[in-house]
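In this note's numbering, the protein residues as written are 8 to 627. Every residue, glycine too, gets a C-beta built ideally from N, C-alpha and C.
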Amino acid sequence: MKNSNFISFEQVDLKNGFWHDRYELNRKVSLENVRRRFEDSGRFDALRFNFLKNGRRPHIFFDSDVAKWMEAVACLMCKDREAMREHEALCEELIDCMERAQRPDGYLNSAHQQLTPETIFQNRNDHELYCAGHLIEAAIAYDRATGRDRFLKIMERYCDCIYRAFISEKTAAFTTPGHEEIELALMKLYRYTRRERYLEMVRFFLEQRGRDAAEQYVYEGNRFGTQDDTDIYHLRKANGHSVRALYLYCGVADLAGECGDETLLENLRSVFADITGRKMYLTGGVGSTCRTESFTVGYDLPNHTAYSESCCAVAMILFACRMRRLDASARYGHMAERVLYNAMLSSTSLNGKAFFYENPLEIALEEYGREVSVPLKKREHLPITQRLEVFGCSCCPPNINRFFAELGDILCLEEDGHLCVEQYIPADIRTAYGVLHMDGNYATEGKVTLSCEDYRADRIAVRVPEWCRGFTATLDGAEIVPAEVRDGYAYFGVGERFVLALDFHIAPVFVAANPLVRADVGRIALTMGPVVYCLEGVDNGAHLNQITVAPADLSGAQILPDPLTGLRRIRLPAYRDKADDRLYFAADEQKKMSVKAEFIPYFAFANRGESDMLVWVRRR
């Protein structure tokens, strides 16, 4: 088992370009807009413990929503403290309120303390431990950013309360949280403080999972809605509520790494293979049904009702990165890249102000008005067609805030006496082996340049992208072949000063799905490098299912600048079925007309008003 470490975002300075722009958009626009919406909706009032004075009721999620926003602020403070002064002042106000409101026994939860103090730790699905987990993570980040431990001490007192309720005194009415998260937070707290009690709590919550028959419930009547059907030592397949399940797998990966448990690691390999081989969308989205937001059976990947929650994108990257720390295989970086450029980016509008909860792969606007005689609660669920600034359940926006604040966390690892580059994002990376400079136009040209002037190792490893069909490299201007290619990585011998230029030979490619994916039979999807593409009605007209394309059409492809995204759009020759006034007719009478199909990066859809959208296009 490996035990490699990613370079912390604190040691990474992103350079100008696509991802730096996205980072700045999150810092300057998204974070501020989420703050305004959280103020308007009373989320901050909940943690001020004055929510009821305004005649409103705090929700059981509010503590978590605010905590993730505070964590994002803290991470951004590590890079630019001065720019975060106003947000820091709000964080200090909220910490003051939490300190005053915390019960003598250490308990801290705005909803329960203000509404139902008699039910503390009595209802498994009340999200108390979920909220506690995000508050713990925020407190650690805040302590790192400021050197002030007041928030951290509050949460340590709360952890002591949780320990008593669940382990030493056993006053809680359940043993495991309905929504996993505290397991990740406690492991982070253990690694930050080295207090053994927190590791004990991690092990308790994880090892109790699936063992208590009373807690092996079926979520909302759906047998696919629970991840409590087995214990962690017998995991093989992904099951249950997709975000909760992925957080569980993250926790198990943390425990496996901390304890060197090969059994747990092998189980997680099986789970990861189940997700990426049978239950993941081309975009990297997971969770195919709105019914309990869950994984279902293999190859059940509907496009127009795809759930693919934005929080799943965050969780999938967290899981992939944890697996990569333990297992030196490029499969994890491949998946993280797929999610990053597609399901992750689609979650946020291009102006940074609005968000998707769900991320479908098809929108046909005419479907939205067809069930006029069906009561609202019984209608087929269809995702919204435009992003919103805030939701009733707004877990995703602050989760996205904190993810992009920590984007530098996923770029590069230190392992086996050298550096290993995982994600190709221009940056200056301060490492134990020297400062690594990464440049290039990876997503548009497939080109990356790595350089160092003080490298204290004799080789460097780079991930060869899954989509790459061939690559070339030069070292200090001379062509070179890797000394070794293994497990999806190319290894190059280098000196103290080097410039390694990589060309991954990017080009548009049509991909097909396994024929067991019924929704995609007879269809193909366009990709270029890490980016999945789609058709949108604003460019191609309505009724996108009338368009057909063929792999041979790529010979006539035009690759054009995309003013929407700064990446590329692709224009292809295609055909569109012509409709007339007949409902049915002989198949050989079908008339077609030549058209140009305009593909844009999938993540950019729904930024120009309501429009049809399609990823999987009929194959001619």
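Would the beta-carbon of Ile577 fall within 8 Å of that of Ala564? yes
Return the residue from the list Leu590, Asp103, Glu265 that minimises the CA-CA distance to Phe56. Asp103
What distance in whole Å lies between the Cβ atoms of Lys195 and Glu144, which are believed to be in contact at a cut-off of 8 Å? 6 Å
Measure from the alpha carbon of Thr572 to the alpha carbon of each residue in Thr438, Lys22, Ile14, Leu32, then state which is nearest. Leu32
Residues that DSSP places opposite Gln6 in a beta bridge: There is no way to answer for residue 6, as the model of the chain reaches only from 8 to 627.
Output needed for Ser354: all residues of its chain with C-beta closer than 7 Å, excluding positions within five of it in sequence on either side, in chain order. Ser317, Ala320, Phe362, Phe363, Asn366, Cys403, Ile407
Beta-carbon proximity check, Arg525 vs Ile554, cutoff 8 Å: no
Who are the Cβ neighbours of Met77 in its own chain at under 6 Å, not counting the five residues just before and after it? Cys98, Ala145
So Cys328 and Tyr314 are in contact, right, with Cβ under 8 Å, and what is the actual spacing, rounded? 23 Å between Cβ atoms; not a contact.
Less than 8 Å between the C-beta atoms of Ala74 and Leu142, yes or no? yes
Consult DSSP for Tyr306 and reduce its assignment to one of helix, strand or coil. coil
Touching or not, the region 177-193 and the region 122-131, by the rule of three or more beta carbon pairs under 8 Å? yes
With a threshold of 16 other CB atoms inside 10 Å of the CB of Pro433, please say whether the residue is buried or exposed. buried
Grab the span of the beta strand (DSSP E) containing Arg441 for me, first residue to last. With the sequence shown as reference, residue 441 is identified as Gly, and Arg is not the correct amino acid for it. Taken as a continuous stretch (DSSP letters only), the beta strand (DSSP E) holding Gly441 covers 441-446.
Measure the C-alpha to C-alpha separation of Tyr449 and Val455 and round it to an integer number of angstroms. 6 Å
Given this structure, state the Cα-to-Cα distance separating Leu38 from Tyr149, to the nearest angstrom. 16 Å
Own chain partners of Gly359 with C-beta closer than 6 Å, once the 5 adjacent residues on each side are dropped: Leu32, Val36, Ser37
Could you give the DSSP three-state label for Cys297: helix, strand or coil? coil
For Asn274, collect the residues of the same chain with a Cβ closer than 8 Å to its Cβ; drop the 5 residues on either side in sequence, then sort them by chain order. Ile239, Tyr240, His241, Leu242, Arg243, Val259
CA-CA distance, Ala613 and Asp546? 12 Å
In whole angstroms, give me the CA-to-CA distance for Glu93 and Val19. 24 Å
Counted within 10 angstroms of its Cβ, other Cβ atoms place Lys22 as buried (16 or more) or exposed: exposed
DSSP puts Gly500 in a beta bridge; with which residues? Arg466
Would you check if the distance between the CB atom of Met105 and the CB atom of Leu54 is smaller than 8 Å? yes
Decide if Ser117 is buried, meaning its Cβ has at least 16 other Cβ atoms within 10 Å, or exposed. buried
Please name the residue, chosen from Arg285, Arg345, Ala604, that lies closest to Pro522 on a Cα-to-Cα basis. Arg285
Own chain residues within Cβ distance below 7 Å of Ala172, not counting five before or after: Phe128, Thr178, Ala179
Backbone secondary structure at Glu543 - three-state DSSP: strand
Distance between beta carbons of Ala337 and Val471, contact taken as under 8 Å: 7 Å
Start and end of the alpha helix (DSSP H) containing Leu32? 25-32
Output yes or no for whether 8 Å exceeds the beta carbon distance between Gln121 and Arg164. no
With 16 other Cβ atoms within 10 Å as the buried cut-off, status of Cys257: buried
Secondary structure, alpha helix (DSSP H): runs of 4+ residues fully inside the region 337-416: 338-346, 403-412
From what residue to what residue does the alpha helix (DSSP H) around Leu136 run? 135-153
With 16 as the cutoff for other CB atoms within 10 Å, does Pro405 come out buried or exposed? buried
What is the DSSP secondary structure of His94, reduced to helix, strand or coil? helix
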